[in-house]
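Just so you know, the sequences run in chain order A and B.
Under the working numbering, the first residue of the first sequence carries the number 58, and numbering increases by one thereafter.
Under the working numbering, the first residue of the second sequence carries the number 7, and numbering increases by one thereafter.
Ideal placement from N, C-alpha and C gives every residue a C-beta, glycine not left out.
Computed from a predicted structure; not experimentally measured.
To start, the structure under review is shown below, and the notes come after it.
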Amino acid sequence: MTKPARHLQRLLALAWLLAVLLVAGHNAWLWLGQRASPDTDILALLPAASSKDAVRQQAFSHMVDSAQQKLVVLVGDRDWKRAQAGARAYLTVLHAHADLFAPISDDSAQWQSQWLDSLDRSRTLLLGDAQRAQLATVTAQQWSQRALGGLYGAFGGPRLGAWQDDPFGLFGDWVQERARETPVRPRDGMLFVERDGVSYALLLLELKAPAFSMQAQEQVVPLLAQARQAARAQADEVVSGGVVLHAAAASAQAGSESATIGAGSLLGILLLMWLTFRSLKPILYIALSIAVGCLGALSVSMLVFGKIHLLTLVFGASLIGIAQDYGIYFLCARLAAPATQDSATLLRRLLPGLALMLLAALIGYLGMALTPFPGLQQMAVFSALGLVFAWLTVACWFPQLIGPQTLRATPRAQGFGQSIARWPDLLGGFAWHLVLPAAVALIGLSIAGVARLHSSDDIRALQKSPPELLQDQMRISQLLELAAPVQFYLVRGASAEAVLQQEEALREKLQALVQRKLITGVQAVSNWAPSQQRQQDNLTLLRRALLEPQGESPDAVTLIAQAIGESPQWAQALRQRMLDKAQSITPEEFLATPAGAASRHLWLGQVDGQFASIVALRGLTDYRQLGQLAAVAEGMPGVQWVDKVGEISSVLRQYRIYMGWALLCAYAAIFALLALRYRRRAWRALAPPLLASLLTLGLFGWLGQPLQLFHVLAGLLVLGLGVDYGIFLLESSRDQRPHAWLTVGLSAASALLSFGLLALSHSPPLHAFGLTMLCGMLLVWLLAPLFTHPGPVAHATPDAQPDKESA
Amino acid sequence: MNARSLLCSLALLALLPTARAAAPVQQIQATLAKPAVMCGRFDQTKQLTGIKKPLQAYGRFCVLKGRGILWQTLQPFPSTLRITRDAIVQIQDGRVAMKLDAQQEPVVKMINSVLFSLLAGDLSQLDQLFELDGSLRDGHWQVALKARQPALAKAIGDISLAGASYVDKVSMKEASGDRTDISFSAIKTGDGAMTAEEGALFD
Chain A
58 MTKPARHLQR LLALAWLLAV LLVAGHNAWL WLGQRASPDT DILALLPAAS
108 SKDAVRQQAF SHMVDSAQQK LVVLVGDRDW KRAQAGARAY LTVLHAHADL
158 FAPISDDSAQ WQSQWLDSLD RSRTLLLGDA QRAQLATVTA QQWSQRALGG
208 LYGAFGGPRL GAWQDDPFGL FGDWVQERAR ETPVRPRDGM LFVERDGVSY
258 ALLLLELKAP AFSMQAQEQV VPLLAQARQA ARAQADEVVS GGVVLHAAAA
308 SAQAGSESAT IGAGSLLGIL LLMWLTFRSL KPILYIALSI AVGCLGALSV
358 SMLVFGKIHL LTLVFGASLI GIAQDYGIYF LCARLAAPAT QDSATLLRRL
408 LPGLALMLLA ALIGYLGMAL TPFPGLQQMA VFSALGLVFA WLTVACWFPQ
458 LIGPQTLRAT PRAQGFGQSI ARWPDLLGGF AWHLVLPAAV ALIGLSIAGV
508 ARLHSSDDIR ALQKSPPELL QDQMRISQLL ELAAPVQFYL VRGASAEAVL
558 QQEEALREKL QALVQRKLIT GVQAVSNWAP SQQRQQDNLT LLRRALLEPQ
608 GESPDAVTLI AQAIGESPQW AQALRQRMLD KAQSITPEEF LATPAGAASR
658 HLWLGQVDGQ FASIVALRGL TDYRQLGQLA AVAEGMPGVQ WVDKVGEISS
708 VLRQYRIYMG WALLCAYAAI FALLALRYRR RAWRALAPPL LASLLTLGLF
758 GWLGQPLQLF HVLAGLLVLG LGVDYGIFLL ESSRDQRPHA WLTVGLSAAS
808 ALLSFGLLAL SHSPPLHAFG LTMLCGMLLV WLLAPLFTHP GPVAHATPDA
858 QPDKESA
Chain B
7 MNARSLLCSL ALLALLPTAR AAAPVQQIQA TLAKPAVMCG RFDQTKQLTG
57 IKKPLQAYGR FCVLKGRGIL WQTLQPFPST LRITRDAIVQ IQDGRVAMKL
107 DAQQEPVVKM INSVLFSLLA GDLSQLDQLF ELDGSLRDGH WQVALKARQP
157 ALAKAIGDIS LAGASYVDKV SMKEASGDRT DISFSAIKTG DGAMTAEEGA
207 LFD
């Protein structure tokens, strides 16, 4: 090695030191100064724009946002007084922490009179379906009787305001119809629901901090547990639900998993190194490269994405498994190299192989980065960055740190290296009559297994909340007959009026499904603020039925006046009083009132030059019937059925297929890359991962494991890692082979450790990923020496005389 | 979540149990008979703002301890109101004109309990909802009720009761100026108090 080259290497090492210090400083600033914390929102892992339809996106975020910060608690007991006491005990615990929750209780009665006031001036125009039907059929005589009944009755049933404001009880009926949209009622200053003899006090809490912030979760969850306990001391049952609870359970799981998988992986690797080198130095060197890799990945990822997802970190724990390959490769090569060769020269000899390994792994990650899943992009970029940083650390620092005398292999390690000699040369041609049928049978069986594979792309299978949380969630939906947040109709039109008219048409069609008990009801703005057309129609209907004489017979108001001995002027005043309360109401006006507060998430208003709204469904429980709901939207212009769950699942399906092709392309690209160096032997590096993947998939087929996107992604990594082993073995001469085998063994064992631990994850996607890696990597390890056997006669590798080459 | 918006109409009653009854109220309570079944005639006069003539009606009522109330208007036109713990049902022309289910509207239980207490003079029950101001002289008593909760006060206004062994008179004055006076007479108690037809309405 020449002096300038040596000088250059020193310079590079120093430059890298500077870079690493910068990265470390940035990390310290991020985590200690900025107190950055990872993101845990599972939705952030989904495609940002699965469809380019802005209205749809907004509709969904509208529905989700309105649900996300809410926390619903039901305190139940057979004895309402005990349920109330429980609810009060619950609130008492929370009241001390007003900073975490928005104002919780309000005077429901006070509030209610307000919301009625806001609708008062339009009351005559607001008619329910039943009332419209009655106005069309019931005679003026009957209407007057009904009005007189209310007038004379001492306790004539519910009445809102003075009799003159609602003589026919129409507004009262309409309000009652709106009230039937929820089973919740005010009672004794609380919200009340009853089911099967159990009375529940309903508490609605609004979280002030974001539900997905870890800090908020850490504060909120123990507090809620404490409140729950306080309530349970008074009442029998406490049911609580909210996104924050699921998010907290998910982060607790991912957090502890990240710790065990990361720690287990690191411990396993340290042990391996100890058994191999019986020295702390190589462990430190490799840990150094991994640490720099992790810090670099964190630092640059934060710069690129602005935030980092917790699952990225969990996945990053597996990064340790690959980043060490470069260090291991250098260390094992150092063991194999003669003491006379200095480390700088050794590195130059190893560089082509190292570069190939990095490139192949990056190609493997590239496929992931190309998916539209922000989470996967983050994982891919994070992992790729980690590898680049670890690689540069090996390339820049290892030759400076590790001299010819630094390391010595243990007998155990040497023994393992020598064991490669016992691998038969199956492709050498001596036993074709045995190998061929076995290979054909194995591959045939795998193909048969692959043919049995079925796929599952259901997004719901990807998230696993603790069963008790799911149970509570179901109970709440059941008790409160909540509207489904992810399945709804999106109604669009050129104007607000057009949207409302279309909503009315849709609601009419949905009545059939209500009658068949597929859903219990519909939430829509047009329930409250009908279209102008409908409002006019209502007024016409009401005038004709109540206020105008029909031929010979007088109108209902006149009949009332006659019955109580009032003058025609009185009758006219009563008519006028009703007509005065017939001022039209627009959806915007309605939504601005207190009554409209709960419907605001349904009205999207003007988006992209058109108007849009949501018609939500209550009491939807049978998800097999979604097809019928979708069918309702067919043939209705401007009405679209949105099923976010189905949509995301279908996106997952598309990308599973897409990633399958990406995997095949990666094989082709890596093959082209390897062919540049290994020519006709390139296939030998690729055959092990290819065969391992096929066998793994076949195995899953026979085991009945449904195929999902994450299996395919793992396939990409099997390729990326498996190719490394091919490169190790193909790069080595016959003499170096035992050390190359040691490299493969160390790397594969630690990859298995880290990825094998992922198979233990409770998160279904990570489990699928880990299991694929476990089977795939084990097979790659076993298959790699078979395909790279140097053969019975001395067969020089393209790199057999590296010293000459580098000289 | 739509619950908050829809806490409807009927239920203006937000109630909390509070102080104990004042001394005269307890004495009044002692003078009242508490029969299991009590029926009689009611005469009702309603004076409503905006309507010149008082609206007069009469009919029969029955109060059944633990079961409910039957309120049959006979004149000027027949109408029957049956209030039980489970439902409030209005029958006109032999058909159900209105029905409120307690399952759906918990306030039904409330209404039942308040009306029962009013008609039976169960002041200890009323004490939870109203401030009671009573006086008692020669076995005749009078009680003014003022709702403890503003919302309830707004909904039903001031109530006063007068009577001796039974409640004789109920007056309700609403903030709007509407006024209802009901007087009770010909009260019978015991098994024979209720007619067979009335009994049938409860089954």
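- Tyr172/B sits in coil when the DSSP states are folded into three classes, being neither helix nor strand.
- The straight-line gap separating the alpha-carbon atoms of Phe455/A and Ala437/A is approximately 26 Å.
- Across the stretch 57-80 of chain B, CB contacts with chain A closer than 8 Å involve Ile57, Lys58, Lys59, Leu61, Ala63, Trp77, Thr79, in sequence order along the chain.
- The beta carbon of Trp73/A lies closer than 8 Å to those of Leu449, Thr450, Cys453, Trp454 in the same chain, with the five residues before and after it left out.
- Taking the CA atoms as reference points, Ala70/A sits about 29 Å from Gly802/A.
- Taking 9 Å as the cut-off, the Cβ atoms of Lys638/A and Arg252/A do not count as close.
- Here Glu263/A is exposed: its Cβ has fewer than 16 other Cβ atoms, across all protein chains shown, within 10 Å.
- Within the DSSP bridge table, the entry for Asp139/B names Ala150/B as partners.
- Interface annotation, Met44/B: not in contact with chain A, CB-CB separation never under 9 Å.
- Contact between the stretch 532-546 of chain A and the stretch 669-683 of chain A is present: 3 or more CB-CB pairs across the two stretches fall below 8 Å.
- Within the same chain, Leu575 come within 7 Å of Gln682/A by CB-CB distance, once the 5 residues on both sides are set aside.
- Unbroken alpha helix (DSSP H) stretches of 4 residues or longer found wholly inside the stretch 283-360 of chain A: 300-334, given in chain order.
- Counting of Cβ neighbours within 10 angstroms places Ser610/A among the exposed residues, the total staying below 16.
- In the displayed model, Ala144/A falls within a helix according to three-state DSSP.
- The stretch 782-801 of chain A and the stretch 809-825 of chain A do not touch, with fewer than three beta-carbon pairs separated by less than 8 Å.
- Within 10 angstroms of the beta-carbon of Gly205/B lie fewer than 16 other beta-carbons, which makes it exposed.
- Only exposed fits Asp186/A, as fewer than 16 other CB atoms lie within 10 angstroms of its CB.
- Residue-level contact by beta carbon fails for Asp128/B and chain A, as no gap is shorter than 9 Å.
- Check the Cα spacing between Ile34/B and each of Met104/B, Gly169/B, Ile89/B, Phe190/B: the tightest is with Gly169/B.
- Contact annotation, Gly133/A with Arg509/A: C-beta distance approximately 48 Å; criterion of less than 8 Å not satisfied.
- Looking at the backbone, the Cα of Asp209/B and that of Leu70/B are separated by about 12 Å.
- In this structure, Gly695/A is the residue among Gly695/A, Tyr680/A, Gly684/A with its C-alpha nearest to the C-alpha of Ala669/A.
- Among the residues of the stretch 285-318 of chain A, none has a Cβ less than 9 Å away from any Cβ of chain B.
- Considering only beta carbons, the part of the stretch 196-210 of chain A lying closer than 9 Å to chain B consists of Gln199, Gln202, Arg203, Leu205, Gly206, Leu208, Tyr209, Gly210, in chain order.
- Note on the stretch 544-615 of chain A: whole beta strand (DSSP E) runs with a minimum of 3 residues are 578-580, in chain order.
- Using a Cβ distance threshold of 9 Å, Phe387/A and Ala470/A do not count as a contacting pair.
- Ala806/A has a beta carbon lying at 9 Å or more from every beta carbon in chain B.
- In the DSSP assignment, Glu646/A falls within the unbroken alpha helix (DSSP H) covering 644-649.
- Rounded to whole angstroms, the Cβ separation of Ala288/A and Val295/A is 5 Å, and the two are in contact under 8 Å.
- In the three-state reduction of the DSSP assignment, Lys638/A falls in the coil class.
- Distance between Ile477/A and Leu720/A, taken at the CA atoms: about 30 Å.
- It is roughly 21 Å from the alpha-carbon of Met716/A to the alpha-carbon of Leu815/A.
- By the Cβ-count criterion, Gly143/A is buried, with 16 or more other Cβ atoms from all chains shown falling within 10 Å of its own Cβ.
- Across the stretch 94-114 of chain B, CB contacts with chain A closer than 8 Å involve Ile94, Gln96, Gln98, Asp99, Ala103, Met104, Leu106, Gln109, Gln110, Glu111, Pro112, Val113, in sequence order along the chain.
- With respect to the 9 Å criterion, Pro95/A and Thr369/A are classified as neighbours on the basis of their beta carbons.
- Annotation: Phe430/A is outside any alpha helix (DSSP H) and is labelled neither H nor E by DSSP.
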